[in-house]
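Visitor: Line by line, the protein sequences are chains A and B. Under my numbering, the first sequence has 115 at position 115, and the numbering climbs by one with no breaks. Under my numbering, the second sequence has 662 at position 166, and the numbering climbs by one with no breaks. Virtual Cβ for every residue (Gly too), placed ideally from N, Cα, C.
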Amino acid sequence: MHGGLKLQHRPASDIETLPTPPTLRIPIQQHQGPAAPVIVTVGESVVCGQPLSMSTDLRQVPVHASLGGTVTDISRTDITITTNDSCATWQPWQASPLPNPHTQQSYINHFHQRGLVGLGGACFPVAAKIDAHKNTTPTLVINAAECDPDICCDEALLQQCGAAVFDGVAIAMQATAASRCVVFIEQGKKTDTAAMQKLVSDAGLHNTDVVAVPAIYPSGAETQMLSHVSGQRVARNSYNTSPPMISFNIGTCYAMSQSIAAGQPLVARITTVIDHNSRARNFSIPIGTPLSHLAASLGLPDTTALEIFSGGRMMRREITLNSVVTKSHNCIEFTVAQPPVSVRECIRCGLCADACPEKLQPQQLYINAKAHNESALVALNLNSCIECRCCDHVCPSKLPLTALYQQAKTDLAVKHRSKLDADIAKQRFDKRALRLQRLEAQKADRLAAKKDTLSNKKSTSTLNKKQLIEQALQRAQAKKQHIAAPASPTNREADQ
Amino acid sequence: MTGIILLTLLAAATGALLGYAASWFEADADSLVNRIDAILPQTQCAQCGYPGCRPYAEAIANSQAGIDQCPPGGADGVAALANLLGRDVIPLNPHYGEEKPVALAFIREPECIGCTLCIKACPVDAIVGAAKLMHTVIADHCTGCELCLPPCPVDCIDLIVPQNTISHYHGQIS
Numbered sequence: 001m002h003g004g005l006k007l008q009h010r011p012a013s014d015i016e017t018l019p020t021p022p023t024l025r026i027p028i029q030q031h032q033g034p035a036a037p038v039i040v041t042v043g044e045s046v047v048c049g050q051p052l053s054m055s056t057d058l059r060q061v062p063v064h065a066s067l068g069g070t071v072t073d074i075s076r077t078d079i080t081i082t083t084n085d086s087c088a089t090w091q092p093w094q095a096s097p098l099p100n101p102h103t104q105q106s107y108i109n110h111f112h113q114r115g116l117v118g119l120g121g122a123c124f125p126v127a128a129k130i131d132a133h134k135n136t137t138p139t140l141v142i143n144a145a146e147c148d149p150d151i152c153c154d155e156a157l158l159q160q161c162g163a164a165v166f167d168g169v170a171i172a173m174q175a176t177a178a179s180r181c182v183v184f185i186e187q188g189k190k191t192d193t194a195a196m197q198k199l200v201s202d203a204g205l206h207n208t209d210v211v212a213v214p215a216i217y218p219s220g221a222e223t224q225m226l227s228h229v230s231g232q233r234v235a236r237n238s239y240n241t242s243p244p245m246i247s248f249n250i251g252t253c254y255a256m257s258q259s260i261a262a263g264q265p266l267v268a269r270i271t272t273v274i275d276h277n278s279r280a281r282n283f284s285i286p287i288g289t290p291l292s293h294l295a296a297s298l299g300l301p302d303t304t305a306l307e308i309f310s311g312g313r314m315m316r317r318e319i320t321l322n323s324v325v326t327k328s329h330n331c332i333e334f335t336v337a338q339p340p341v342s343v344r345e346c347i348r349c350g351l352c353a354d355a356c357p358e359k360l361q362p363q364q365l366y367i368n369a370k371a372h373n374e375s376a377l378v379a380l381n382l383n384s385c386i387e388c389r390c391c392d393h394v395c396p397s398k399l400p401l402t403a404l405y406q407q408a409k410t411d412l413a414v415k416h417r418s419k420l421d422a423d424i425a426k427q428r429f430d431k432r433a434l435r436l437q438r439l440e441a442q443k444a445d446r447l448a449a450k451k452d453t454l455s456n457k458k459s460t461s462t463l464n465k466k467q468l469i470e471q472a473l474q475r476a477q478a479k480k481q482h483i484a485a486p487a488s489p490t491n492r493e494a495d496q
Numbered sequence: 497m498t499g500i501i502l503l504t505l506l507a508a509a510t511g512a513l514l515g516y517a518a519s520w521f522e523a524d525a526d527s528l529v530n531r532i533d534a535i536l537p538q539t540q541c542a543q544c545g546y547p548g549c550r551p552y553a554e555a556i557a558n559s560q561a562g563i564d565q566c567p568p569g570g571a572d573g574v575a576a577l578a579n580l581l582g583r584d585v586i587p588l589n590p591h592y593g594e595e596k597p598v599a600l601a602f603i604r605e606p607e608c609i610g611c612t613l614c615i616k617a618c619p620v621d622a623i624v625g626a627a628k629l630m631h632t633v634i635a636d637h638c639t640g641c642e643l644c645l646p647p648c649p650v651d652c653i654d655l656i657v658p659q660n661t662i663s664h665y666h667g668q669i670s
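(1) Per the DSSP calculation, residue 284(A) is bridged to which residue(s)?
(2) Spatial neighbours of residue 637(B) within its chain, please: CB distance less than 8 Å, with the 5 preceding and 5 following residues excluded, ordered by chain position.
(3) To which residues of the same chain is residue 232(A) closer than 6 Å at the C-beta, ignoring the five residues directly before and after it?
(4) Of all the beta strand (DSSP E) runs that stay within the bounds of the stretch 95-157 of chain A, which reach a length of 3 or more residues?
(5) Looking at the strands, I want to know which residues DSSP matches up with residue 25(A).
(6) Going by C-alpha to C-alpha distance, which of 123(A), 307(A), 42(A) sits closest to residue 330(A)?
(7) Along the chain, where does the beta strand (DSSP E) containing residue 603(B) start, and where does it finish?
(8) Based on Cα-Cα distance, which residue from 352(A), 376(A), 421(A) lies nearest to residue 396(A)?
(9) By DSSP, does residue 262(A) sit in helix, in strand, or in coil?
(10) Does the stretch 545-559 of chain B come close enough to the stretch 516-523 of chain B that 3 or more CB-CB pairs lie under 8 Å?
(11) Excluding the five sequence neighbours on either side, which residues of its own chain have a C-beta within less than 6 Å of the C-beta of residue 255(A), listed in chain order?
(12) In chain B, which residues lie less than 7 Å from residue 422(A) when you measure between Cβ atoms?
(13) Under 8 Å Cβ to Cβ from residue 83(A), same chain only, skipping five residues before and after it: list those, please.
(14) So, for residue 45(A): in the same chain, excluding its five sequence neighbours on each side, which residues have a beta-carbon less than 6 Å away from its beta-carbon?
(15) Residues in its own chain within less than 6 Å of residue 29(A) by CB, not counting five upstream and five downstream?
(16) Give me the chain A residues within the contact set of residue 548(B), using Cβ-Cβ distance strictly less than 7 Å, ordered along the chain.
(17) Would DSSP call residue 196(A) helix, strand or coil?
(18) Quick check: is the beta carbon of residue 65(A) nearer than 9 Å to any beta carbon in chain B?
(19) Quick check: what's the CA-CA separation for residue 368(A) versus residue 384(A)?
(20) Assign residue 516(A) to one of three DSSP states: helix, strand, or coil.
(21) Could you tell me the distance, in whole angstroms, from the CA atom of residue 476(A) to the CA atom of residue 484(A)?
(22) Cutting at 7 Å between CB atoms, please list the residues of its own chain near residue 583(B), excluding the five before and the five after it.
(23) What are the complete alpha helix (DSSP H) segments, minimum 4 residues, inside the stretch 555-606 of chain B?
(24) So, at 6 Å on beta carbons, what are the nonlocal neighbours of residue 211(A) in its own chain, with the 5 sequence-adjacent residues on each side left out?
(25) What first and last residue would you give for the alpha helix (DSSP H) that runs through residue 379(A)?
(26) Can you pull the chain B residues whose beta carbon is under 8 Å from the beta carbon of residue 516(A), in chain order?
(27) So what does DSSP say about residue 521(B), is it helix, strand or coil?
(28) Using a Cβ-Cβ cut-off of 9 Å, state whether residue 664(B) counts as contacting chain A.
(29) Quick one: is residue 271(A) buried, meaning 16 or more other Cβ sit within 10 Å of its Cβ, or exposed?
(30) In angstroms, rounded to a whole number, what distance separates the CA positions of residue 482(A) and residue 473(A)?
(31) Go ahead and pull the three-state DSSP assignment for residue 317(A).
(32) Assign residue 324(A) to one of three DSSP states: helix, strand, or coil.
This is the structure:
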């Protein structure tokens, strides 16, 4: 990996359980893709693990009731549940087990119905990922490296539920029809290569290697990990390697094993929570737990004075106390608000380019993002930026580079979207113009035809009239002759 | 004398070459119209005084219209046109309208009498309905051109500015 930063990792602590939240607010869309239609109504009582939305489209991942209770509100974005059972005694909703024999399609349907998404943070639908690799024998890559130095939920999961995680890896190998498996870890953790190899052999996995890399942030990011494992350059958003690779976070593997062993949908996730004293604890949190409940259970003082972030100290994004824990939250951090740092102008030192793991030119991106120079930003590959904030961290001028890139990316996306909309509008306008032209032509044809028939009728009738007159004249003449003829005696005699 | 003849010949040859090049490499009027058209926002609103974006693009290409007549394109659109045509960036001409956020048409359905006048006015076929039956706007296809407003006899069409639908994090720059 190019660049990156050597940062101090947090040691993992045990996984704890939260007191039962009195209400849950479950977002209908927590994954990458459209939301599935809601299938419950207000006032309905639901049990833990009961699906709240369902769809057969693999991109529309269903959500489930994380605890039993009553549905009290359904808005456009969330379903609110007033809970009536505790975290400690939940009874998972009894869903149909995986049918025998296990085919790839049955795994895909099973994972889809149980709402499984990637728990590394990006929330890509698991079923859609497997479905996309259906006719290949991919290499399965298991990501056991934390994506941020502050996060320790994956390490805690490995220490406490290592066997279940590797049951999940075995299931993932079967479900993806993978020929080979690579477990990717960072050096210097408690679960080291030897411990991993023991877990691998305990689970009876074949063709499985453990790859340990130095703990340099962001080696746990997907593109960096896949580049390292494949030895090929992997571009963001197009993971085209040969052989194809399919990667899962170990949290996802754990969820897979739970969904097969207990039939349990994805109703809780393990999240690292960092309090205002910078103490990290790992919790198993029901999806939809309000952050206010989390803050109250941690015994935080005045929450209004705190800033709340999702993600660790590097990849963090600011969220509010009104948010809830979703499938994407691997870390939630409550920190005391920092005074704003004074920002100076870029001194062109080039430290950012040295630190960038994607080998981008952060300085050029900065200049062009400030100047809104879109074509240059595209040429400089802005969309490859994984927003790891290594450049922010090394910048001596303390420039908020990543925030600027995020803004520029959003602007580019909006521009792209409006260009697509304009193209569609143009097509529709052109088609309408053609249709109007055609209708006009048809109308003109119709009129012409009508005129034609009318004039024909007129001409034929005038012809008839002339003929009639002529015929009448002929008849009259014939009659005249006939009248004149009886004067001849021969005829009369002949008649007689 | 030789010099004069040589220079005359040279001038004649160069003139012939330039004349030939001018006719051979003549700027394709159509491609210029297409490039101008690609910059225009395709709202087909006719605020520029032409019956659509393409006629306006043709008028610009023929130097019959200025580049400051498209309010939906806004200042960015004028700048892009100026860049393409090598002209100075000028402010939008207020005679043709003000730049404002895109607002989509919305029919208050209980009040619609089903006269089909708005359907006939819509330049992108974004309104569905039939005579004496309720009409509605397909929001995804509406360009916010406002052409459906004047023909409506009962004034049941509102313009609504849509919420930002991009669910991506907007970076905060301090």
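Guide: Taking the definition as stated:
(1) 17(A), 270(A)
(2) 620, 621, 622
(3) Cβ within range, chain order: 241.
(4) 139-143
(5) 80(A)
(6) The candidate whose alpha carbon is nearest that of residue 330(A) is 123(A).
(7) Segment 600-603, the beta strand (DSSP E) holding residue 603(B).
(8) If we check each option's Cα against that of residue 396(A), 352(A) comes out closest.
(9) coil
(10) Flag = no, the stretch 516-523 of chain B and the stretch 545-559 of chain B do not touch.
(11) 116, 266
(12) 537, 538
(13) 20, 21, 22, 23, 24, 67, 68, 69
(14) 70
(15) Residues 35 of the same chain have their beta carbon placed closer than 6 Å to that of residue 29(A), with the five preceding and five following residues left out of the count.
(16) 429
(17) helix
(18) no
(19) 15 Å
(20) For residue 516(A) there is no data in the structure shown, the boundaries of chain A being 1 and 496.
(21) So the two alpha carbons sit approximately 12 Å from each other.
(22) Correct list, in chain order: 563.
(23) Runs of the alpha helix (DSSP H) inside the stretch 555-606 of chain B: 570-581.
(24) Result list for residue 211(A): 182, 184, in chain order.
(25) 374-379
(26) The structure shown does not extend to residue 516(A), since chain A is modelled only from 1 to 496, so the question has no answer here.
(27) coil
(28) For residue 664(B), the predicted model reports a pLDDT of 37, less than 50, meaning its position is unreliable and no value from the coordinates is stated.
(29) Per the 10 Å Cβ criterion, buried.
(30) Answer to the nearest angstrom: the Cα atoms are 14 Å apart.
(31) strand
(32) Three-state result, residue 324(A): strand.
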